[in-house]
Each structure stands twice: as structure tokens, then as C-alpha cells.
Amino acid sequence: MTGTWDLISTSAYEAPGSGTLVIGADTLTVTINHRSTSRLDFYRLAYSTQGSQTLSWQGISDPAIPIDVQNTPVALDEGSIPLALGGSWVFSANMVRFSVSVGAVASSLIVDRLSTGTMVGGTWPPRLPRPRLAETYSVSRLSPLASQFGFFGGQWQAVNDKDDKNCSITVENNSVQFDCQTGNAFDGITHLTVGSDCVVSGSTINSGYELSARRR
Amino acid sequence: MQPGRWLLLSVTAMWASAAVASAAPPPPLAGPDLSLEVVTPERSSEKGRTDRPSPSGATLVLNSLSEEGRSKLAESLHSLAAAAARKRNPFYVAIDDTEEHAAAQKLFAETAPAFTAAAAMSRGCWFSAEGDLAVQVVKTCSPGSRCMPLLSQGPGDGFEQRIRFLAWPVGYAVILRTAENDVSQVAGVLRADPASPQIALVLTGVELHSLRKGPALSSVLKSAARLAKKLPASALGETLESIGRAASVGDEVPWLKLPRNTVLVVPRLGALATSNRFVDEIDSRLQAVRAKVEWLSYPRKPTPGPK
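These protein sequence lines are chains A and B, in that order. The opening position of the first sequence corresponds to residue 9 in the numbering used here, with each subsequent residue numbered one higher. The opening position of the second sequence corresponds to residue 11 in the numbering used here, with each subsequent residue numbered one higher.
Below you can see the structure in the form of C-alpha cells.
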């Protein structure tokens with residue numbers, strides 16, 4: 009999947025989006041534009057391990073927010089995903105810290121408040137489920153399945169430790185399916201398929217969100 | 011020169027000319043004479059009209075529904091409008107909204123991909139994310155511009171694939187041709203499943219440009235307009251308003267002139283990676299019609315054999 013990808017999205021709720029994804033062994037940059045007749049909204053997530061590890065998030069006309077990254081890597085067979093994701097990660101920004109571990113047979117995400125400050129609005133990437141403070145999210149593999157994503161192939165269950173919101177995730181062959189009861193934009197069934205000609209497409213049924221990506 | 015060498019040279023020349031002939035580009039497809047033109051955004055036809063709202067595509071969505079689909083949409087909108095009216099009644103106590111919520115969600119899930127595809131198609135000009143490329147459908151390409159036929163029978167080279175991806179509502183579409191008397195029948199079988207995970211829109215050459223009359227149309231327009239007035243300002247409300255206004259909206263895709271005997275099938279954006287399933291679904295549904303159907307344009311060939 010290494011390379012530069014064109015991204016296109018449509019939603020029942022906003023103007024069509026276009027963007028680019030650059031992914032490689034040491035870089036991940038996602039840029040999304042929402043162009044309407046009156047404005048152009050712009051978002052960028054940029055991660056690089058070239059030199060030191062850097063991660064930043066930029067939304068609309070705001071300056072980029074640097075996110076501190078600490079990583080203890082663990083080797084994983086990730087199939088066609090070029091970026092090394094295995095290991096324990098800590099992301100810190102705006103007085104919020106996200107601890108993530110990826111590997112073994114489970115993954116988890118813990119969100120901690122570093123001080124009495126509050127999370128700055130608009131800094132969490134839109135469309136992604138917003139983790140809530142002081143909650144632990146666990147993603148456990150119930151059974152392995154053959155997949156082009158190596159270790160990530162399987163039937164997974166994602167839960168948090170505070171309520172009954174959950175996701176069932178199936179990663180098999182060239183497809184990923186999320187079936188979530190989360191009460192947000194991610195609620196419902198989301199399909200993602202990697203085509204044979206390097207086109208990735210998917211849709212979220214409940215929110216009418218559709219996307220496709222094509223490697224240049 | 012010895013006769014044997016003449017023969018050898020002649021055979022070699024014939025083989026060479028045959029090889030050249032087979033390497034030459036195939037003749038243009040007989041069909042709508044339209045092209046995809048790649049221009050810089052400054053030269054695109056969208057320049058100068060960016061302050062105008064893009065067409066909603068509501069006419070295209072309504073035309074893509076069968077009469078049965080229109081009736082179901084009208085019923086859903088009518089019952090949702092009735093539910094919204096009940097909730098404005100101060101004596102109304104909600105006991106169980108589950109059924110209405112489920113009906114609204116089903117309606118939304120079935121129609122949202124068609125609306126988003128129709129809105130994307132109605133723009134008529136599609137940009138790369140960096141803004142350095144704009145693609146539009148034209149009758150005649152400007153001198154010096156990069157140009158490719160709208161009709162395609164296969165993926166093409168890397169640049170062409172990228173251009174067709176950016177202009178996905180037409181670039182990944184299937185265009186079929188049949189006898190004029192059979193167009194409605196062909197479009198009808200392709201509209202059989204409004205919840206198709208592959209197909210977003212099915213439109214005949216005529217339906218691209220004017221709202222199709224039908225027994226359920228008036229009911230859909232009235233119910234949509236009525237429900238839109240009861241809802242707070244929202245994207246859903248805007249969509250309903252656009253349905254309610256569909257009868258007074260002009261041609262939303264004047265640049266896409268296809269013959270009357272053609273059917274355009276637009277995929278869902280979320281199905282571009284599975285274009286083999288998209289064309290196979292069309293091919294499978296066409297098995298139910300006796301009409302002779304010619305595939306003028308497609309992102310890839312249907313898989314041979316029974317579906």
C-alpha cells in the first residue's frame with residue numbers, strides 16, 4: 009500500500025471531500041479538503057519517523073498542533089501495511105495523553121488527563137470516534153482470519169470499561185468490516201475493501217458516508 | 011532477388027503490417043461523442059459560478075427510483091411528517107419512537123448513496139485534492155488540453171485511471187445501449203434493489219435532463235416539502251427541500267447529453283474498489299430482460315459465466 013493515494017469522500021451531511029494519503033515505512037500524511045461553494049475546510053494529520061518521531065494535527069486555518077510521540081516498538085507481521093504500528097505508544101497534546109498498545113493478541117487505548125486542563129475543542133480529528141477521558145478501550149482478537157493485513161486479520165471485539173458501547177471488527181482477506189454501537193458518526197456497519205487495482209472503498213451505512221482511495 | 015527471399019520478405023512485411031495494425035489504437039467506440047477534458051482549474055467551466063450553489067441532484071435521484079420506489083419514499087416521508095406533527099402537539103407523549111426511527115434510518119441508508127452520487131455528478135467538474143487538475147465532460151476539447159473519450163472499455167493507463175477516478179460518477183459508470191422501446195425495461199430491472207451496495211443511480215438518456223412524470227411523483231414532492239418545513243435547519247432538511255423543489259429545477263446535467271436509447275448506471279462511491287461486482291451485478295440483472303443490450307462503456311468487463 010506504499011505510495012500516494014487520491015482520496016474522495018461523500019456524506020449526506022456536508023460537501024464532498026477530496027484529499028491525499030501518503031503512506032510509507034516511515035511516514036503517514038493524510039490531507040482532507042471539504043470544498044463547498046462558500047468555503048474550503050482543510051485538515052491534515054502528519055506523522056513521520058524520519059529523524060525524530062513527529063506527529064501533528066492541523067484543522068482548517070488553525071496552526072498545526074504538535075503531538076508528542078513516544079514509542080516502544082514491537083515487531084509485527086502487518087502484511088501490506090508499510091508503517092510499523094506494533095508496540096506501545098503514548099501521544100500527548102493539549103494536556104491530554106493517549107496510551108496505546110498494539111500487539112500480542114490485544115490492543116488497547118487509554119485516555120488520561122495530564123492536568124486539570126480540558127481538552128481543546130476541535131483538535132480531535134473529525135469523523136473518528138472521540139475517546140473519552142479516563143476510559144480504557146480494549147480491542148481483543150477472538151479468532152484469527154487470513155488477511156492481507158497480517159497480524160490484524162481476525163475477528164475482533166472492541167469495548168470500553170465504562171458502558172456497553174462496542175464494536176465488532178472483522179478483518180479478512182482484503183476487507184475490513186466494523187459493526188459498531190457507539191452512538192456517534194461511527195455507529196452502524198462500515199465496510200472497507202481493498203480492490204485488486206489499488207482502489208480502496210468503503211461506506212458507513214447509518215451515516216451515509218462513502219469514500220474511495222486510489223493509489224497514483 | 012531469389013523468389014524464396016521475395017516470399018520471405020512479403021510474409022515478413024505482411025506480419026509486420028499486421029503487428030503494426032494490432033498495435034495501433036482501437037477505433038473510437040460508436041456512441042455518445044463526449045470527452046473527459048483535463049484542464050487547469052482556472053480554465054474549468056466551474057470558474058465564475060463558484061458562488062452559485064451546486065445542483066442537489068434531486069431530479070436525478072427521483073428519476074432513478076422506480077414507481078414502486080417513489081411510492082415507498084412518499085409513504086416514508088408522509089409517516090415521518092405525521093410523526094413530526096404529533097411531536098409538536100403539546101398533548102403528545104412519546105411512548106416508543108423505535109419504529110419511526112428505524113423507518114427513517116432505513117430510508118436514509120437506502121437513499122443517501124444515491125443523493126451523494128447525484129450531487130457529486132451534478133457538479134460537472136471534479137478537482138484533484140491539490141487543485142492542480144480539473145476534469146469536465148465536454149463535447150469538444152479545447153486545443154492543447156489533455157482529452158480522453160468518455161466511453162471506456164477497460165481501465166486505461168495510469169493517468170487515465172486517475173482522471174476517471176477523480177470524475178468517478180461518469181468515469182466509473184456503465185453506459186448501456188438498447189432499442190428505444192426497451193430502455194424503460196432495461197432501466198427497470200437495474201432499479202430492482204434500491205439498497206444495492208454497488209449501484210447508486212440508474213438513468214436513461216432522457217431522465218438525465220427532465221423529471222419523469224408518474225403517479226407517485228406528486229405525492230413524493232408534497233410529502234418532502236411538508237416534512238422539510240417541520241424539521242429544524244439541517245442537511246436532511248435541505249435534502250428534503252431540494253426534493254420538494256425538484257419539479258421546478260431545470261436540467262441538472264446539461265453537459266451530459268446521452269442518446270435516448272442509452273442507460274447510465276452510476277456506482278456508489280463506496281463501491282469503486284469492487285467495480286467487478288458492480289459490473290457483474292448489472293450483467294446479472296440484465297439476464298432477466300430479453301432486450302438486446304450493448305455495453306458502450308464500463309470500468310471493467312463483466313465476469314464470464316453464470317452469476
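Every residue, glycine too, gets a C-beta built ideally from N, C-alpha and C. None of these values were measured; they are calculated from a predicted model.
Classification of residue i by the beta-carbon crowding that lies within 10 angstroms, buried from 16 upward
i	result
Thr214(B)	buried
Ser17(A)	buried
Pro71(A)	exposed
Lys173(A)	buried
Ala142(A)	exposed
Phe288(B)	buried
Glu78(B)	exposed
Arg300(B)	exposed
Ala128(B)	buried
Thr80(A)	exposed
Arg222(A)	buried
Gly130(A)	Only weak support is given to the placement of Gly130(A): the predicted model assigns it a pLDDT of 45, under 50, and the value that follows is read from those uncertain coordinates. Classification of Gly130(A): exposed, given that the 10 Å Cβ count is below 16.
Gly191(A)	exposed
Pro225(B)	exposed
Alpha-carbon spacing of residue i relative to residue j, whole angstroms
i	j	result
Arg80(B)	Pro123(B)	16 angstroms
Ala243(B)	Arg174(B)	35 angstroms
Pro90(A)	Ala119(B)	34 angstroms
Gly154(B)	Gly27(A)	27 angstroms
Arg96(B)	Ile213(A)	28 angstroms
Trp265(B)	His219(B)	10 angstroms
Phe164(A)	Arg187(B)	The sequence given here places Trp at residue 164(A); Phe does not occur at that position. Each residue's alpha carbon lies about 46 angstroms from the other.
Leu75(B)	Ala54(A)	42 angstroms
Arg310(B)	Ile185(B)	12 angstroms
Gly164(B)	Ser307(B)	8 angstroms
Val71(B)	Glu170(B)	28 angstroms
Thr313(B)	Ser285(B)	11 angstroms
Thr60(B)	Arg224(A)	Note that Thr60(B) scores a pLDDT of 42, beneath 50, so its modelled location is shaky; the value from the coordinates is reported in the next line. So the alpha carbons of these two residues sit roughly 28 angstroms apart.
Trp305(B)	Asn191(B)	17 angstroms
Asp171(A)	Ser215(A)	22 angstroms
Tyr217(A)	Ser152(B)	36 angstroms
Pro37(B)	Val49(B)	Its pLDDT being 48, under 50, Pro37(B) is placed unreliably by the model, and the measurement read from it follows with that caveat. Approximately 25 angstroms between the Cα atoms of the pair.
Pro249(B)	His199(A)	Checking the sequence, you will find Thr at residue 249(B) rather than Pro. Straight-line Cα distance between these residues: approximately 25 angstroms.
Ser89(B)	Ala234(B)	11 angstroms
Ala33(A)	Ala92(A)	7 angstroms
Leu83(B)	Ser204(A)	36 angstroms
Tyr51(A)	Gly315(B)	46 angstroms
Val104(A)	Ser64(A)	14 angstroms
Bridge partner(s) assigned by DSSP for residue i
i	result
Thr62(A)	Ser56(A)
Arg156(B)	Val48(B)
Tyr21(A)	The partner list for Tyr21(A) (beta bridge, DSSP) is empty, contrary to what the question assumes.
Cys175(A)	Ala166(A) and Cys188(A)
Asp49(A)	His42(A)
Thr80(A)	Ser96(A)
Asn181(A)	Ser155(A)
Arg187(B)	Thr272(B) and Glu304(B)
Asp14(A)	Thr28(A) and Arg222(A)
Ile197(A)	Asp187(A)
Cys135(B)	Gln146(B)
Thr126(B)	Answer is none; Thr126(B) lacks a bridge partner.
Ile173(B)	The partner list for Ile173(B) (beta bridge, DSSP) is empty, contrary to what the question assumes.
Leu213(B)	Leu274(B)
Proximity test, Cβ basis, 9 angstroms: residue i and chain B
i	result
Tyr21(A)	yes
Gln49(A)	Reading the sequence as shown, one finds Asp at residue 49(A) and not Gln. No, Asp49(A) does not count as interfacial toward chain B.
Ile68(A)	no
Asp205(A)	yes
Val98(A)	no
Leu15(A)	yes
Arg222(A)	yes
Asn214(A)	yes
Leu219(A)	yes
Thr178(A)	no
Val202(A)	yes
Asn181(A)	no
Val104(A)	no
Pro24(A)	yes
Gly11(A)	no
Asn174(A)	no
Below-9 angstroms beta-carbon distance, residue i vs any chain A residue
i	result
Gly168(B)	yes
Trp265(B)	no
Gly280(B)	yes
Gly58(B)	At Gly58(B), the pLDDT of 41 sits below 50, so the modelled position is not reliable and the matter cannot be decided from this model.
Ala119(B)	yes
Pro123(B)	yes
Would you call the stretch 277-284 of chain B and the stretch 122-138 of chain B in contact, with 3 or more CB pairs under 8 angstroms? yes
With a threshold of 8 angstroms, are at least 3 pairs of Cβ atoms found where one atom belongs to the stretch 294-313 of chain B and the other to the stretch 198-211 of chain B? yes
Would you check if there are 3 or more beta carbon pairs closer than 8 angstroms linking the stretch 225-245 of chain B to the stretch 140-148 of chain B? no
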